[in-house]
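Notes for the one structure printed next.
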Amino acid sequence: MTKDESEQLEELLMTWYHWAKAHREHLGHSRVAPGFQGVSDLDGYGDDDDTDAKLNRYVAEQVDVCLSTLPVDLRAAVGINMRNKDVPNQVFRNPRCSPDEQHQRYQQAKESLLPMLRKRDMIQVIA
Numbered sequence: 003m004t005k006d007e008s009e010q011l012e013e014l015l016m017t018w019y020h021w022a023k024a025h026r027e028h029l030g031h032s033r034v035a036p037g038f039q040g041v042s043d044l045d046g047y048g049d050d051d052d053t054d055a056k057l058n059r060y061v062a063e064q065v066d067v068c069l070s071t072l073p074v075d076l077r078a079a080v081g082i083n084m085r086n087k088d089v090p091n092q093v094f095r096n097p098r099c100s101p102d103e104q105h106q107r108y109q110q111a112k113e114s115l116l117p118m119l120r121k122r123d124m125i126q127v128i129a
């Protein structure tokens, strides 16, 4: 994994983390038909912020699909690392492993995610 690919992957994971932190499933039945969920009458007239939010949601959903295929310990390592990057200090840790082992699991998760995200054209290969 090159440094550029690692930076792109970190950016994608941070986008996923912010989306996952804000995303909450609604319980019960939706008032909107399944074919029209996520569609607004303002979609044709959206501004740049709306467009960015939709792109970030799409990116986060793609990363979420890839993350869901990883084993639980690797997903936990990604979540803990993203939480620590979101706050100014290293606050969160996994009580089941040492910090070195946590970092090793995070790197292993990144190595596993890289080919999956390449297949989905989420990582740009710069030659």
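The sequence shown begins at 3 in my numbering and counts up by one. By construction, the Cβ of each residue, glycine as well, lies at the ideal position given by its N, Cα and C atoms. Nothing here was measured: the structure is a model prediction, and the numbers come from that model.
Here the stretch 60-70 makes contact with the stretch 11-22; the two share three or more CB pairs at distances below 8 Å. Listed in chain order, the non-local C-beta contacts of GLN10 below 7 Å within the same chain comprise ILE125, GLN126, local neighbours out to five positions each way being set aside. Distances from the alpha-carbon of LEU69 to those of ASP88, LYS5, ASP6, ARG122 put ARG122 closest. Under the rule that a run must span 4 or more residues, the alpha helix (DSSP H) segments found entirely inside the stretch 43-102 read 50-69, 74-88.
One thing to note: LEU14 has its Cβ no nearer than 8 Å to the Cβ of MET84. A Cβ-Cβ distance of about 14 Å is found for the pair TYR108 and VAL74, leaving them out of contact under the 8 Å criterion. Counting along the chain, the unbroken alpha helix (DSSP H) around MET16 starts and ends at 5-24.
With respect to the C-alpha of LEU115, the residue from HIS105, VAL89, ASP66 having the closest C-alpha is ASP66. Straight across, the Cα-Cα distance linking MET3 with LYS112 is about 9 Å. Under a 10 Å Cβ-count criterion, ILE128 is classified as exposed, with fewer than 16 other Cβ atoms of the shown protein chains found around its own Cβ.
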